[in-house]
Amino acid sequence: METVNKTLGDMVTFTIASSVFTRKEIILASFKKGMLKDYLENRTERMLVRKTIYEAGFLEYIEDQVCMELEGVGKYIYRSFLKAAHGPIKEDLLKLARFVYSSSLKKLGKALFSKKHLLADPKQASAYFSTIVYNEALEQLATYAHQATSILRTKWFAGTS
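Residue numbers (the working numbering): 1027 to 1187.
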């Protein structure tokens, strides 16, 4: 128990307690506040990564290490978009970040048929995924820029007539 406490003490602590009523010793596990919720959220995101890639047609299992690398790219997307978010567009940018991430996962799922070797090295998979994300973000931002320009033109012409 001491070894476990030394190793995992920042997440969970085990102690021995005895029950007066049953006269038995029990082991109590005390988890760091919020740890179970954090774990559940991480597992949920990991399942989403696997599900999205599976639904894109790649039916093989994606190892945890690869998923964690892909999730890291996803976190980077959100952080980048949040840094750019000011005022009322914050919600739209978060939706765009989710769309870019999900769409990129689908594209990765389709590409993995011919690039299965990427799964052997999580860092390579992450680097390849980053390229997909970058291209997807550029494509989406170009679309948004075109839409914004069209809206501004329409309003400008409507205001001048």
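Heads up, the beta-carbon is just placed ideally off N, CA and C, and yes, glycines get one too. In this text, all values refer to a predicted model and were calculated from it rather than measured experimentally.
- For A1055, the beta-bridge partners assigned by DSSP are F1040.
- Cβ-Cβ distances below 7 Å link R1076 to I1088 and C1093 in the same chain, with the five nearest sequence neighbours on each side left out; the list follows chain order.
- In the structure shown, A1171 adopts helical secondary structure according to DSSP, grouped into three states.
- Residue E1097 holds the alpha-carbon nearest to the alpha-carbon of R1069 among T1048, I1052, E1097 and E1051.
- Runs of the alpha helix (DSSP H) spanning 4 or more residues and lying entirely within the stretch 1085-1160 occur at 1090-1110 and 1116-1137, in chain order.
- The DSSP-derived three-state label of T1029 is helix.
- Beyond the five residues adjoining it in sequence on each side, P1148 comes within less than 6 Å, by CB distance, of Q1091, V1092 and E1095 in the same chain, given in chain order.
- Only residues of its own chain outside the window of five on either side were considered, and among them A1123 have a CB closer than 6 Å to the CB of Y1104, listed in chain order.
- Setting aside the 5 residues that flank it on each side, I1158 is surrounded in the same chain by S1130, K1133 and L1134, each with a C-beta closer than 6 Å to its C-beta; the list follows chain order.
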